[in-house]
Amino acid sequence: AQSVTQLDSHVSVSEGTPVLLRCNYSSSYSPSLFWYVQHPNKGLQLLLKYTSAATLVKGINGFEAEFKKSETSFHLTKPSAHMSDAAEYFCVVSGAGGTSYGKLTFGQGTILTVHP
Amino acid sequence: ETGVTQSPTHLIKTRGQQVTLRCSSQSGHNTVSWYQQALGQGPQFIFQYYREEENGRGNFPPRFSGLQFPNYSSELNVNALELDDSALYLCASKTSGWNEQFFGPGTRLTVL
Numbered sequence: 001a002q003s004v005t006q007l008d009s010h011v012s013v014s015e016g017t018p019v020l021l022r023c024n025y026s027s028s029y030s031p032s033l034f035w036y037v038q039h040p041n042k043g044l045q046l047l048l049k050y051t052s053a054a055t056l057v058k059g060i061n062g063f064e065a066e067f068k069k070s071e072t073s074f075h076l077t078k079p080s081a082h083m084s085d086a087a088e089y090f091c092v093v094s095g096a097g098g099t100s101y102g103k104l105t106f107g108q109g110t111i112l113t114v115h116p
Numbered sequence: 117e118t119g120v121t122q123s124p125t126h127l128i129k130t131r132g133q134q135v136t137l138r139c140s141s142q143s144g145h146n147t148v149s150w151y152q153q154a155l156g157q158g159p160q161f162i163f164q165y166y167r168e169e170e171n172g173r174g175n176f177p178p179r180f181s182g183l184q185f186p187n188y189s190s191e192l193n194v195n196a197l198e199l200d201d202s203a204l205y206l207c208a209s210k211t212s213g214w215n216e217q218f219f220g221p222g223t224r225l226t227v228l
C-alpha cells in the first residue's frame with residue numbers, strides 16, 4: 001500500500017521569499033516520487049521526479065526536492081518565489097508491481113499563494 | 117504542450133444518464149490512465165490501460181468502464197451517473213516502464 005500526506009493545505013509567501021511545501025509518504029517498497037503543479041483551468045505539469053538516483057532532485061522553474069528515507073519525506077523548496085508560482089501543488093507516489101503498477105497516488109494538494 | 121488531448125472540455129448531464137469521455141494519448145505512448153479529481157481534492161486513480169487491456173484499477177465501481185483502441189486513444193464510460201460523479205476527469209499517457217505520465221487538460225463533468 002502507498003499513501004501521501006501533504007502537511008499544509010495552504011501556504012502563503014511574499015514574492016522573493018523561500019517556498020517550502022511539505023510532503024510525507026508511506027510505501028512498502030522503494031518509491032518513485034513526484035511533484036506536480038496545477039494552474040487554474042490547466043492540466044497537471046510535472047515539476048520533478050525521484051526514482052532512486054540522487055536524493056536531491058532539481059526540477060523546472062527553480063524548484064527542487066530532497067528525498068529523506070529516514071524521515072519518509074519529500075519536501076519541495078524554491079529559494080525565491082515568483083508571482084507565477086501561485087498554483088496548487090501535488091506530491092505523488094507511484095505504485096510498483098501487480099495491479100498498482102503505474103498507479104499514481106496523489107496527496108490532497110497544497111495551494112500556494114504569492115503576495116507582491 | 118503535453119500532446120494529450122481530451123474531449124469534450126465541459127459536459128453537463130443529469131442523474132441516471134450515461135457519459136463517454138475521450139482521450140488521445142501523446143504520440144508514442146501505449147499506456148493510458150484515467151483519474152477523477154473532485155473539487156478541492158487530489159486526483160484519484162480510476163484505471164489504467166496498456167495495449168488495449170486494463171492492467172490496474174482503483175477503488176471505483178463497475179459502472180466506471182473504459183476502452184483503449186489500437187491507436188492507443190481511450191474512452192472512459194460512466195453509467196447511471198450520480199451527483200458525486202461531478203468532477204474533473206483527467207487522462208494521462210506514458211510509455212511502458214517507469215516513465216513519467218503526461219496529463220491532458222481534463223473534462224469537467226457536472227451531474228445535475
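If you read the sequences in order, they're chains P and A. First residue of the first sequence? That's 1 in my numbering, and the numbers climb one at a time after it. First residue of the second sequence? That's 117 in my numbering, and the numbers climb one at a time after it. Where is the CB? At the ideal position from N, CA and C, for every residue including glycine.
Contact belief for residue i with residue j at Cβ below 8 Å, rounded distance in angstroms
| i | j | result |
| --- | --- | --- |
| T110(P) | S9(P) | 6 Å |
| V37(P) | A86(P) | Going by Cβ atoms, the distance from V37(P) to A86(P) rounds to 10 Å, so no, they are not a contact pair. |
| A208(A) | Y166(A) | The pair is not a contact, with the Cβ atoms about 13 Å apart (cut-off 8 Å). |
| T77(P) | V19(P) | 6 Å |
| S202(A) | T226(A) | 5 Å |
| F67(A) | L104(P) | A query on residue 67(A) cannot be resolved here, the shown segment of chain A reaching from 117 to 228 and no further. |
| C139(A) | Q122(A) | 5 Å |
| G107(P) | Q6(P) | 4 Å |
| T211(A) | H145(A) | 6 Å |
| P79(P) | E15(P) | That belief does not hold up - the Cβ atoms of P79(P) and E15(P) are roughly 12 Å apart, past 8 Å. |
| L21(P) | Y89(P) | 5 Å |
Status (buried if at least 16 other CB within 10 Å, exposed otherwise) for residue i
| i | result |
| --- | --- |
| K68(P) | exposed |
| G220(A) | buried |
| P159(A) | buried |
| D200(A) | exposed |
| G119(A) | exposed |
| A53(P) | exposed |
| L228(A) | exposed |
| H75(P) | buried |
| T147(A) | buried |
| F55(P) | According to the sequence shown, residue 55(P) is Thr rather than Phe. The residue is exposed, with fewer than 16 neighbouring Cβ atoms inside 10 Å. |
| H39(P) | exposed |
| K58(P) | exposed |
| A65(P) | buried |
| S12(P) | exposed |
| K42(P) | exposed |
| E117(A) | Only weak support is given to the placement of E117(A): the predicted model assigns it a pLDDT of 47, under 50, and the value that follows is read from those uncertain coordinates. By the 10 Å Cβ count, E117(A) comes out exposed. |
| P31(P) | buried |
| G156(A) | exposed |
| S149(A) | buried |
Bridge-paired residues (DSSP) for residue i
| i | result |
| --- | --- |
| Q6(P) | C23(P) |
| H138(P) | Nothing can be reported for residue 138(P): it is not among the residues displayed for chain P, which extend from 1 to 116. |
| A1(P) | None, per the DSSP bridge assignment. |
| Q117(P) | Here chain P covers residues 1 to 116 and nothing more, so residue 117(P) does not appear. |
| E198(A) | None, per the DSSP bridge assignment. |
| H82(P) | The partner list for H82(P) (beta bridge, DSSP) is empty, contrary to what the question assumes. |
| S32(P) | S94(P) |
| T226(A) | I128(A) |
| K58(P) | E64(P) |
| A203(A) | L225(A) |
| T51(P) | None, per the DSSP bridge assignment. |
| K103(P) | Its beta-bridge partners do not exist; DSSP assigns none. |
| T110(P) | Y89(P) |
| S212(A) | Note: S212(A) sits in no beta bridge, so no partner. |
Contact set between residue i and chain C, taken where Cβ atoms lie within less than 7 Å
| i | result |
| --- | --- |
| L155(A) | Absent here is chain C; the protein component of the structure consists of chains P and A. |
| query | Listed in chain order, which residues of the segment 120 to 152 of chain A have Cβ atoms closer than 8 Å to some Cβ of chain P? | reply | V120, T147, S149, Y151
| request: Report the residue ranges of all beta strand (DSSP E) runs contained in full by the segment 120 to 194 of chain A; include only those spanning at least 3 residues, in chain order. | output: Runs of the beta strand (DSSP E) inside the segment 120 to 194 of chain A: 121 to 123, 126 to 129, 135 to 140, 147 to 153, 160 to 166, 169 to 173, 180 to 184, 190 to 194.
| said: Taking beta-carbon pairs under 9 Å, can you tell me which members of the segment 30 to 50 of chain P lie near chain A? | reply: S32, F34, Y36, Q38, N41, K42, G43, L44, Q45, L46, K49
| request: Could you list the residues in the segment 178 to 190 of chain A with a C-beta less than 7 Å from some C-beta on chain P, going in chain order? | output: none
| task | Scan the segment 3 to 31 of chain P for residues whose Cβ lies nearer than 7 Å to a Cβ of chain A and list them as they occur along the chain. | result | Answer in chain order: no residues at all.
| query | the segment 207 to 226 of chain A: which residues have C-beta closer than 7 Å to a C-beta of chain P, in chain order? | reply | W214, E216, Q217, F219, G220, P221, G222
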